[in-house]
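Asker:
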Amino acid sequence: MENVLTLIGSRNWAPLASDVVSMAVGALEEAGAECSAPDWLSDEHACDIHYEGFSPSVGEASVRQYLRDMPIDMVSQKSEFRRKRLLLSDMDSTIIQQECIDEVAAYAGLRDQVSEITEAAMRGELDFSASLIRRAAMLKDIDVEVLQKVYQDRITLTPGARTLVQTMRNNGAWSKLVSGGFTYFTNLVSIQTGFHDHQANRLEVIAGRLTGGVIPPILDNHAKRSALFKCVEALGLKPEETMAVGDGANDIPMLQEAGLGVAFHAKPLVAASSNARLDHADLTGALYAQGYRDEEFVTD
907 MENVLTLIGS RNWAPLASDV VSMAVGALEE AGAECSAPDW LSDEHACDIH YEGFSPSVGE
967 ASVRQYLRDM PIDMVSQKSE FRRKRLLLSD MDSTIIQQEC IDEVAAYAGL RDQVSEITEA
1027 AMRGELDFSA SLIRRAAMLK DIDVEVLQKV YQDRITLTPG ARTLVQTMRN NGAWSKLVSG
1087 GFTYFTNLVS IQTGFHDHQA NRLEVIAGRL TGGVIPPILD NHAKRSALFK CVEALGLKPE
1147 ETMAVGDGAN DIPMLQEAGL GVAFHAKPLV AASSNARLDH ADLTGALYAQ GYRDEEFVTD
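Using our numbering, the first residue of the sequence shown is number 907, and each one after it goes up by one.
(1) What separation, rounded to the nearest whole angstrom, lies between the Cα atoms of D1033 and P1159?
(2) For H951 and M907, which I take to be in contact (beta-carbon distance under 8 Å), what is that distance rounded to the nearest angstrom?
(3) Cα separation between R1075 and A1140?
(4) How about D998 and G1087: do their beta carbons lie closer than 8 Å?
(5) DSSP on R1131, reduced to helix/strand/coil?
(6) So, with DSSP's three-state summary, where would you put E958?
(7) Secondary structure at I1061, three-state DSSP: helix, strand or coil?
(8) Please state the DSSP three-state secondary structure of K1046.
(9) Inspect the beta-carbon positions of M1028 and A1164 and report whether they are closer than 8 Å.
(10) Excluding the 5 residues flanking V1056 on each side, which residues of the same chain have their C-beta closer than 6 Å to its C-beta?
(11) For M1028, name the three-state secondary structure that DSSP assigns.
(12) Would you list the one or two residues that DSSP bridges to C941?
(13) Can you tell me the Cα-Cα spacing of L1109 and A1042, whole angstroms?
(14) Are there 16 or more other CB atoms within 10 angstroms of the CB of G1078, so buried, or fewer, so exposed?
(15) Confirm, please, whether the CB-CB distance from W1080 to L1189 is below 8 Å.
(16) For N1127 and E1022, I'd like the C-alpha separation in whole angstroms.
(17) Are there three or more Cβ pairs, one per stretch, closer than 8 Å when the stretch 1195 to 1206 is compared with the stretch 1048 to 1055?
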């Protein structure tokens, strides 16, 4: 069928019950869709409903009004090009659970001041480039060895991050970590998760200490969008064959240009600006959205 709606439960909070799937099928049929039998990708966790009769956005809206109070994610899309051949992802609060710049600032006793600016920038209330320059300046004179301590002691992968990257790689997709953060961290995270490439901002270091400067050019929202276009061209792909994942306002242009732009546990502005959102699931939800089954996951 032309379209597919994927329902995804939260592993930690609520399984996906069969009666919820039946409610979704009923909502689609009531709106005038023709539906196939539910196809479970993961027992009690993820299920596909293939349907036709109207657009994916109408399909999602029809179901969401019935399930809006449930901790269930849903992704509605065209069936064609569902499995993506390119993954671009943000790093902070997406692939990892922290904001690296906030964790570095904590060593200087400046977490509250820096994190307040970070949050405002991610909500789209501040210009990203200006806010990054302002935050980096607050890190002046921090020993560069602090970066390694931060990575070792404070940085943790988001559940499902490595599985997402490794599973897509195993199925022929190319992956790139694109971050408004810093190359020191994207290099380590890309190695840990398996991204083919990474791109981020560069902190200026002199005599083993941060100068408080960021080496231009700054990787901002426009640069993330440009990175997507460059990858599409280099790999000879259609835009429909791409997936982008992110949580902050600086991810919006990238998410909007991708075939499937996934707002992951995102700020409200970001979720409202994307064609897919995961509010409850971990990052394996981005695999279920592509139709992967549990037995296809690469978890090593």
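Heads up, the beta-carbon is just placed ideally off N, CA and C, and yes, glycines get one too.
Answerer: Judging by the given coordinates:
(1) Counting from one through the sequence shown, the residue named residue 1033 turns up at place 127. Counting from one through the sequence shown, the residue named residue 1159 turns up at place 253. Cα-Cα distance, rounded: 14 Å.
(2) What you label residue 951 is simply residue 45 of the sequence shown in a count that begins at 1. What you label residue 907 is simply residue 1 of the sequence shown in a count that begins at 1. About 22 Å separates the two Cβ atoms, so there is no contact after all.
(3) Position 169 of the sequence shown holds residue 1075. Position 234 of the sequence shown holds residue 1140. Whole-angstrom Cα-Cα distance: 17 Å.
(4) In the sequence shown, the residue the question calls residue 998 occupies position 92. In the sequence shown, the residue the question calls residue 1087 occupies position 181. Yes, these two residues count as a Cβ contact at 8 Å.
(5) Taking the sequence shown and counting its residues from 1, one reaches residue 1131 at position 225. Helix.
(6) Translated into the one-based positions of the sequence shown, residue 958 becomes position 52. Correct three-state label for E958: strand.
(7) Stepping through the sequence shown from its first residue, residue 1061 is reached at position 155. Coil at I1061, not helix or strand.
(8) Translated into positions along the sequence shown, residue 1046 becomes position 140. In this structure, K1046 counts as coil in the three-state DSSP scheme.
(9) Taking the sequence shown and counting its residues from 1, one reaches residue 1028 at position 122. Taking the sequence shown and counting its residues from 1, one reaches residue 1164 at position 258. Cβ atoms of M1028 and A1164: not closer than 8 Å.
(10) By 1-based counting over the sequence shown, the position of residue 1056 is 150. E1009 and V1010, listed in sequence order.
(11) What you label residue 1028 is simply residue 122 of the sequence shown in a count that begins at 1. In the structure shown, M1028 sits in a helix (DSSP, three-state: H, G or I).
(12) As a position in the sequence shown, residue 941 is number 35, starting the count at 1. Answer is Y957.
(13) Here residue 1109 is taken as the residue at index 203 of the sequence shown, counted from 1. Here residue 1042 is taken as the residue at index 136 of the sequence shown, counted from 1. Distance between the alpha carbons of L1109 and A1042: 8 Å.
(14) Within the sequence shown, residue 1078 is the residue found at index 172, counting from 1. By the 10 Å Cβ count, G1078 comes out exposed.
(15) Sequence index remark: in the sequence shown, residue 1189 carries index 283 (1-based). Sequence index remark: in the sequence shown, residue 1080 carries index 174 (1-based). Their beta carbons are not under 8 Å apart, which means L1189 does not touch W1080 by this criterion.
(16) The residue given as residue 1127 occupies position 221 in the sequence shown. The residue given as residue 1022 occupies position 116 in the sequence shown. So the two alpha carbons sit approximately 20 Å from each other.
(17) no
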